[in-house]
Each structure stands twice: as structure tokens, then as C-alpha cells.
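Numbering-wise (the numbering used here), the first sequence opens with residue 94 and increments by one.
Here a beta-carbon is modelled for each residue, glycine too, at the ideal position from N, C-alpha and C.
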Amino acid sequence: MVRSYNPEEIELKWQAVWEAEKTFHAPDPTPEEMAAGKGGHTYVLEMFPYPSGSAHMGHVKNYTMGDVIARFRRHQGNRVMHPMGYDAFGLNSENVAIQTGEHPAVFTERAIATINRQLRRLGVAIDWDREVVTCRPEYYKWTQWLFLQFYKRGLAFKKEAPVNWCPSCQTVLANEQVIQGCCERCSTEVEAKKLKQWFFRITDYAERLLEDFDKLEDWPERVITMQRNWIGKSVGGNVVFRLAPRGAENGQLDPADPTGGTEITVFTTRPDTLFGATFFVMAPEHPLVEEMVKGTAAEEACRRYTWQAMNTSYIERSNAEKEKTGVFTGRYVENPVNGALIPIYIADYVMMDYGTGAIMAVPAHDERDFEFACKFGREVIEVIASPDEFKNADGTMKEAYTGDGLLVNSGPFNGLFKTDAIRKVTEWLREQGKADFAVNYKLRDWLLSRQRYWGAPIPILYCPTCGEVPVPDEQLPVLLPDITDYAPKGKSPLAAAEHWINTTCPVCGGPATRDPDTMDTFVDSSWYFLRYTAARRQDLAFQKDQADYWLPVDQYIGGVEHAILHLMYSRFFCKVLYDLGLVGFEEPFKNLFTQGMIYYKGAKMSKSKGNVVNPDEHVAKYGADSLRSYILFMGPAESDAEWNDQGIEGVNRFLNRVWRVVNEAVDAGRMAAPAGAAAGTLGPLPAESELSPAAKALLVKVNQTIDKVTVDIDQRFHFNTALAAIMELNNELAAARGGQGGGLEADAAGRRVLAEAVEAMVRLLEPFAPHMCAELWEMMGRERIWDQPWPVADGRFLTLDAVEMAVQVNGKVRDRLVIAKDASQDEVLAAAKALSGVVKHVEGKTLVKQIVVPGKLVNLVAK
RNA sequence: GCCGGAGUGGCGGAAUGGCAGACGCAACGGUCUUAAACACCGUAGGGCUAAGCCCGUGCGGGUUCGAGUCCCGCCUCCGGCACCA
Numbered sequence: 094m095v096r097s098y099n100p101e102e103i104e105l106k107w108q109a110v111w112e113a114e115k116t117f118h119a120p121d122p123t124p125e126e127m128a129a130g131k132g133g134h135t136y137v138l139e140m141f142p143y144p145s146g147s148a149h150m151g152h153v154k155n156y157t158m159g160d161v162i163a164r165f166r167r168h169q170g171n172r173v174m175h176p177m178g179y180d181a182f183g184l185n186s187e188n189v190a191i192q193t194g195e196h197p198a199v200f201t202e203r204a205i206a207t208i209n210r211q212l213r214r215l216g217v218a219i220d221w222d223r224e225v226v227t228c229r230p231e232y233y234k235w236t237q238w239l240f241l242q243f244y245k246r247g248l249a250f251k252k253e254a255p256v257n258w259c260p261s262c263q264t265v266l267a268n269e270q271v272i273q274g275c276c277e278r279c280s281t282e283v284e285a286k287k288l289k290q291w292f293f294r295i296t297d298y299a300e301r302l303l304e305d306f307d308k309l310e311d312w313p314e315r316v317i318t319m320q321r322n323w324i325g326k327s328v329g330g331n332v333v334f335r336l337a338p339r340g341a342e343n344g345q346l347d348p349a350d351p352t353g354g355t356e357i358t359v360f361t362t363r364p365d366t367l368f369g370a371t372f373f374v375m376a377p378e379h380p381l382v383e384e385m386v387k388g389t390a391a392e393e394a395c396r397r398y399t400w401q402a403m404n405t406s407y408i409e410r411s412n413a414e415k416e417k418t419g420v421f422t423g424r425y426v427e428n429p430v431n432g433a434l435i436p437i438y439i440a441d442y443v444m445m446d447y448g449t450g451a452i453m454a455v456p457a458h459d460e461r462d463f464e465f466a467c468k469f470g471r472e473v474i475e476v477i478a479s480p481d482e483f484k485n486a487d488g489t490m491k492e493a494y495t496g497d498g499l500l501v502n503s504g505p506f507n508g509l510f511k512t513d514a515i516r517k518v519t520e521w522l523r524e525q526g527k528a529d530f531a532v533n534y535k536l537r538d539w540l541l542s543r544q545r546y547w548g549a550p551i552p553i554l555y556c557p558t559c560g561e562v563p564v565p566d567e568q569l570p571v572l573l574p575d576i577t578d579y580a581p582k583g584k585s586p587l588a589a590a591e592h593w594i595n596t597t598c599p600v601c602g603g604p605a606t607r608d609p610d611t612m613d614t615f616v617d618s619s620w621y622f623l624r625y626t627a628a629r630r631q632d633l634a635f636q637k638d639q640a641d642y643w644l645p646v647d648q649y650i651g652g653v654e655h656a657i658l659h660l661m662y663s664r665f666f667c668k669v670l671y672d673l674g675l676v677g678f679e680e681p682f683k684n685l686f687t688q689g690m691i692y693y694k695g696a697k698m699s700k701s702k703g704n705v706v707n708p709d710e711h712v713a714k715y716g717a718d719s720l721r722s723y724i725l726f727m728g729p730a731e732s733d734a735e736w737n738d739q740g741i742e743g744v745n746r747f748l749n750r751v752w753r754v755v756n757e758a759v760d761a762g763r764m765a766a767p768a769g770a771a772a773g774t775l776g777p778l779p780a781e782s783e784l785s786p787a788a789k790a791l792l793v794k795v796n797q798t799i800d801k802v803t804v805d806i807d808q809r810f811h812f813n814t815a816l817a818a819i820m821e822l823n824n825e826l827a828a829a830r831g832g833q834g835g836g837l838e839a840d841a842a843g844r845r846v847l848a849e850a851v852e853a854m855v856r857l858l859e860p861f862a863p864h865m866c867a868e869l870w871e872m873m874g875r876e877r878i879w880d881q882p883w884p885v886a887d888g889r890f891l892t893l894d895a896v897e898m899a900v901q902v903n904g905k906v907r908d909r910l911v912i913a914k915d916a917s918q919d920e921v922l923a924a925a926k927a928l929s930g931v932v933k934h935v936e937g938k939t940l941v942k943q944i945v946v947p948g949k950l951v952n953l954v955a956k
């Protein structure tokens, strides 16, 4: 009698074994191994979870996928490091603390314990000895230490700047954390505030962040594109315009004007269009505006407009659909190419935070400038010969032409092609000291300080005599103090912790205060993948040679929502650490896979929508192996997928069928080692001549499946088709074994092939359903399936002797042909032409073309 | 607006330019059962004058002996960026 499949019993049994013997612990490399370099070991990593309560289906998918890869690579003979940790600082726990009064650490540790239990229950092959938790002092000591390394290099600095303030979260945010003008966390519209804050100088690395895309082996193109767009490199020139003295436009110079002759630089990607600049626009907040218009008739109007612009929300102001507004300042600048005086406007379509906050406006060749010119009646001068469809009947511009062309109306540069003109005009102005080549990036420095409690304190002190003082290494970590009131009040709750904020200056011994802010949690997650290589070390953050042994991460897996944030910050960190000599590689993640999300009832799962599917329930009902297999069977791993309760039942049925098929084979004594064969082996395959056609067919199926599953896991990450292939094998195996006449069970050779199929199926399924396969393997009298080498297809049995080919006449299938796989082209054609279904359609016609695709089809073209 | 990605049965999805719909879900028919569930066997894109033939991968063209796949032009949906000078 076949045992029934009891997933819970089996799963707990094997999890206990793995735990007890630390099966998935990756030992530190020895000096010899490190000297030997890469090879024979691999680092598989999934983005670590944020412990907000318990694991959700997205986590199950992420960690199961990583687990399949990790187990697969182990079977391939690699030493695999597959660690886990928790991104444990952050606003969620703090907000819970504000509501309940419970310390965030208590809440967080409880959430960690829950997720930890869930991951173990899923049987994920994790090296738990390397676990890291970012909110624990033994971790954030090193986050602080790294901050100080950056600080000492001038890469962490404090500056006053307009920053994004989330009024709901009561903290500033980095640019990357503002999504269409709203807070990434809570969707509240952010406000601009001028504050003194800590920044990382990521802009210094803009060019390398772009260049080093070349060092990535396999990243999704769209992630690279998103980062490239975010960094936003523009190549052009800085051009200096001189502010004309008041009255210069009508010859009535005002000698008392202090601003005349002031240089205003603009950044432009189109120096070729300088002769077409018919006006000039400055951002309303431009620091020169106030002085420029002081005491003039335009002063009041400018002040009113600026006030209005600064009170326009970011979203509204950055909406390109909005009608252009602006005010004439009454002042003019001199165009450096021809000395023409052109009027200066202030307008909110020019942003202070990009370029220099001032632009030259060329309405003929810029859509925004064209729109503004139309509204304010400015002249439009064509300087790039434009196609007729951009012009009115009278030759004036109908719309801005931004394409390529030859220069016109541009004095000595007429006739030059756009790209040549860009270079030549810039060079010409450079000789006169009026311009230079320049590159601009959209990327801003990373604002890292937060006015919140639950983060790593910034290890800086302020001393009245010594100024800004870094906390000495031996005083790290700067521990978060216990407080009772976590509520943010526009400044960090830490500022109110008097016993903590007041301290002693390590330089002069006088009184000093601590920086009250904490670090953005993205700082914590920008280096955790390094900490895994030295998780328990108290004396250093990580050890260079060990980090260089394991990293860069061979396969990183996570959600695409981190395409810019976490992934760009981590790349930046890695480059800084490389420059500091702390690591020997410049990119942290060699290969990246971004998984799709799991939807339910047409929407993202969320507590507020009440459409959350709880993984625990499904583990309890069907077992971890079923949940793991189903979540990967749902569809291609990179696509979004809709959870379906019946889907997991189907996969559970499949595992039950495998269980039964293998059990029956074991019960029949078919899986035991034959006399003379080593224990735990099936002995040699029978000679090919002894195989019945059915046995041969199953053997071919086995080897085709090995090939397919291997490629699907290894190269395509198509776990759904790998599982489908195993299902097919199981179907064929089940069908082949018995039936009338005994099927393959009737003779010794057939029984040997059946055993071969059973063994292969269990091994191929193991990464997906490791517990069940461990159990079946043990029942087969074998040990440690997780250490078995991955099966390799036998080249002799990859194709059948006879193949079925479709025979087409004029591209339509009219009959089929079964013929020996090594039949010659002539033999195939002769046989094809003799088929009744073919004869019918070619009768009375002449064959003009005959195509044979070996093993697949024949196409006869008849007229 | 710009840059990506995707549109295939009732559903999730398969398919190096070579037999569209593998595998699974749901459905239907049958076997087992007192009955049901489970399990097992089988049917299943649409249509017609049905042993045969026609039509079918968002729409319209094209290349090819042959197109879901390649090219051109659209439509729709999703994602990212967006007055970036």
C-alpha cells in the first residue's frame, strides 16, 4: 500500500535535518581559495525583506526563485552563498510605535521572527549563520563607520538647499523618493523647503554610473534605461550672456545701475541655435532677479510673480500642459554671438534646480520657447533650415522644429550641419572666453538625513569651539537612545532626548551636541550584501579579500520597484568603496533578475484593499512544496501574475501524482541497486538493441526533459516551462508503466528505463519541491539529494529513431509522414509525395519548389 | 509628449521564421461509489453543406515556400520619465 503524501510531516522532517547539520552554510574561503579566485563558488542573493509584519506572496516568489537557483548551482558543484537578512529600520515600525507606544525595536524583532519562521517553513536553503539585521547596533555601527569614511573623503557633506519635505512623514526626502511630486511612501504631495541637510555626493559618480553599465553582465534593459534617464546626462555648453546696463536698449544708460555687465551663464544643448535666441528666461527664484529689478517699474510685478511661482505646487508647475506664464523684467542681455540685446523674462517653466536656472530662448527650435514667444509676441527666427510642414505659407514658423538641418540666418556659420555647428560655435565662443563645453546631469546629490527616530544616527557632533566633529571610530556605534515620544515634530524626535543629544567633544573635551537626524534606510541597504561576507565580525564591516572572493553577486533577484533607488545607491556605494580601496570591484551585482508582481482580484495585494493571500494558509493546506511550485508555475517569473486558488490545487495534484508514481516504483523494488551495482545506483542501462520502442521513447523523453529543465533554470529563468516539462515526463512515465500487456513493466529493460525516468524526475524536481524529493530519494535508498550532481542528458537518447513530419502543400498541412530520423532528403520527399493527402492537392500541378526541414516538415509548392 | 514592454482559447500561459494553443486551471462525458468528494480514463479554438474543407495569435499592409515570431503604419493596455533648456 502506497503511503499517502503528507507534506507537513515530510517538510518539517527535512527542515530539521538541514537546520541541524547546517546544510546550507557557506564556509568562509581559505586563503588558498581566495588566492585561486573566482570559480567553483557563487553568490545568489534576493533583495532582503522589510519586516513590516509577515511575509507576503511577493516574498514567497522572490525567495523561492532564489532558492531554485541556489539549489541548482549547488547541484552543479558550486559552493553557494545564499544568505538572508532584514532591512529593519524605517518608518513603518516607527509609525506603529507612535500609534501603540511599543518600542519600534520590539515590533521589528517580532516581525523578523515571524518572517524568519515563514522562510524556514518554506524550506529556503539559507545560510542562517550569516543573517544580518540593519537595526541592530552590531550592523549599524558599520553603517555609521561607512558614513564617516564617506565624510572623510568629502563625499558626505552638509549643505543648505531647497529640499523635498513630506508634511505627512514630517521629514525630508531624497529626489529618488519623490514620485511625481509626491512622497514615495505615503503619496502626500511634497513641499519645497530650504534646509541644511546631509548629502552624499553621488553626482560626482554620475559619469561612472553611466559608463559602468558596460561592466554588468545581464541586467534587464529597462532597468538600465530607467537609471540612464534618471541620471539624465545632457551634453552641450555653458554660454555666458552679459546683463546690459539699464537703459542700454534705448541708449539712455543708467550709470548708477550696479548690475550692468553682470555675467549670467546658461546651459544649452543647442549652441548651434544661438543666432535664433530672441529672448532670455530666468527662473523666478534666480538669485539675481531681485537685484536686477530693484527700484524699476517691473519690480512689483516680478515680486508678485515670483511669490506666486514659489507657491505653486511642484506638480502643477512641472506640468508641461500648463499654459506658459511669465513677466518681463524690463532688462536685457547681450547675445554673445552678435551683441543683440534680447529681453529677459522670468517664467516658471524655467527651473532653478536644473542647469543654471536661466536659459536662452530659441522659439524657432524649442517647443516651450515657441509657445512662450507666441503668447508674449516675441520674434521667431529660423536658424536651422526647417522642413515646409513646420512653416506657414508666408515662410514663418508654424511650430518649433527640433530636428537636424543646416544653419541659416547665423552669420559665418550658415551652411554648417547642426552637429558640426554645435562644436564650432562653442569653440568660437570659447576662444573669446564666452562659452565652454559642458555636461549637465539631472541626477542630484543624495539627501540622506531624516528627521525621524527609527534609523541609524548620523555620527557627527557639533562643538562650539571645534565645529563639526566626526565621532571617533572607537566611540561607535552611536546608539539610538530609548525614548517614549517618537512623534516627529518637524525635527527629529532625537533632538528632545537631552541626555543623549548633549555630549562631550572628543577633540577639546568641552560640551557638544549630537546630530539629531538619522540616515535614510537606503543607506543601510546599500552595503548589506557586503556584510553577509562577515556577518558575525565585530572588528570590521567586511574583509576585503573575502568580499572580493564572493562578490560581485552572481545572481541578484528582486522587484523592479528598486530599479533606481536601491540599485543605483548600491552601485554608487560600491564605487566609493572601490575608490577607498575597501573592495576590489566596481559593480555589486553582476546579473540582475527583476521578478513580476503577484496580483489578486485584479489588483496589487494590499491590506487596505483586503485582497491579501496569506502564504501560511496555503503552506498549511497544501505544503511548502506545492506553494513553491505553484508560484513559479503561474507564469514567466519576470511577468506579473494573478493568484488563482485553483491553480495551487492543480500543482498539488501533480506533486501527489509524482509521489504515487515514485512510491509504486519503490514498492515494486524497481529503485533498488541491482546485484553487482554500487548502492544507490541503478546500474548500467540495457543495450540499445534490448529496448522496446516504448522504452526507447520514454528514455528519449527523460533526456529531452533533462535538457529542457536545465536550460530553463540556468539560462532562461523560465521556471514555469521547466515545471511543465517535468509534468509531461510524469504523464508519459505514468502512462508507459502498466496498462494492457504490462507496458514497460513487462520486461527487464523496460523496468530499468522506468527506474531511470523516476530517478531523473525526482532530481529535476528537487529545486522546486525539495522536501518531497528528499523524502522520495530517501525512500529510493539514497542519501542527500541536495548534494547530488545535476543530471546530464545522454546524447544518444535525445531524439527518436522515427520522426513524424508535417507535409504541407503550398504552406498548408495536408498529411503527416513517419520516417526514420536519418532518412535522406530524397527519401523524405519521395515518401511525402506518395501520401494520399498530398497526391490529392498536387495532382495536375507542377512542383516548383520543395522544402525539407529535417525532422520537422516538408513543404511542396505546386502551381 | 518622450522612452521601454506587452496584446495568443472561457482563464494562466507554450511555441531557435517551420504542424498555433505544450503544461495547467475551469468545463463537459465516462469509470469507481448507495451517493458525493477524491482518484482514474476521455473530449475540448471558431465555423461549415463536417470522413473533408475554411477561418483563426489587437488592426491594416509588406517580406518569405512558410510569419504569433521579421519590416512598415496604426489601435489598446501597462511601466518609467516628463516645461531637463
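Item                                                                                                            : Value
Residues that Cys275 bridges to, as DSSP identifies them                                                        : Ile272, Glu282
Assigned exposure category for Ala772 - 16 Cβ within 10 Å defines buried                                        : exposed
Whole runs of the beta strand (DSSP E) within the region 410-466, excluding any shorter than 3 residues         : 420-427, 434-439, 451-454
Whole-number beta carbon distance between Phe243 and Val669, since they are thought to touch under 8 Å          : 6 Å
Given 8 Å, three or more beta-carbon pairs between the region 313-324 and the region 650-669                    : yes
Status (buried if at least 16 other CB within 10 Å, exposed otherwise) for Lys789                               : buried
Alpha-carbon spacing of Ser732 relative to Phe686, whole angstroms                                              : 11 Å
The beta strand (DSSP E) enclosing Ile944, as first and last residue numbers                                    : 940-946
Contact set for Arg164: own chain, Cβ-Cβ below 6 Å, skip 5 residues either direction                            : Ala218, Pro860
Contact set for Val386: own chain, Cβ-Cβ below 6 Å, skip 5 residues either direction                            : Glu392, Cys395, Thr422
Other residues of its chain near Trp883: CB distance less than 6 Å, five sequence neighbours each side excluded : His168, Gln169
Contact under 7 Å by Cβ, Tyr671 with Glu679                                                                     : yes
Pro599 beta carbon less than 7 Å from that of Pro565                                                            : yes
Residue range of the unbroken alpha helix (DSSP H) whose run includes Met385                                    : 380-386
Cβ pair Gly740, Ala734 closer than 7 Å                                                                          : no
Buried versus exposed, by CB contacts within 10 Å (16 or more), Glu314                                          : exposed
Environment of Thr366 [buried if 16+ CB atoms lie within 10 Å]                                                  : buried
Residues near Ala848 in its chain [Cβ-Cβ closer than 7 Å; skip 5 each side]                                     : Ala758, Arg763, Met764, Leu775
Element boundaries [alpha helix (DSSP H), containing His134]                                                    : Not the alpha helix (DSSP H): His134 falls in the beta strand (DSSP E), residues 134-139.
In DSSP terms, what Tyr693 is bridged to                                                                        : Ala696
Residue(s) in a DSSP beta bridge with Asn595                                                                    : Thr606
Delimiting residues of the beta strand (DSSP E) encompassing Lys252                                             : 249-259
Entirely enclosed alpha helix (DSSP H) segments - the region 286-372, minimum 4 residues                        : 299-304, 314-324
N- and C-terminal bounds of the beta strand (DSSP E) containing Met490                                          : Premise fails: Met490 is in no beta strand (DSSP E) and is neither H nor E.
Boundaries (first-last residue) of the alpha helix (DSSP H) holding Gly740                                      : 738-760
Opening and closing residue of the alpha helix (DSSP H) in which Met150 lies                                    : 150-168
For Val265 and Glu253, the rounded distance between their alpha carbons                                         : 13 Å
Residue burial classification, Gly325 (beta-carbon count within 10 angstroms, cutoff 16)                        : exposed
Residue of Gly602, Phe666, Arg166 minimising C-alpha distance to Phe622                                         : Phe666
Assigned exposure category for Trp291 - 16 Cβ within 10 Å defines buried                                        : buried
Which listed residue (Met150, Phe726, Lys251, Ala148) has its alpha carbon closest to that of Gly560            : Lys251
Where Leu685 falls: helix, strand or coil (DSSP)                                                                : strand
Beta-carbon proximity of Gly836 to Arg830, cut-off 7 Å                                                          : yes
Beta-carbon proximity check, Asp220 vs His149, cutoff 7 Å                                                       : no
Identity of the residues DSSP links to Pro550 by a beta bridge                                                  : Thr611
Status (buried if at least 16 other CB within 10 Å, exposed otherwise) for Pro100                               : buried
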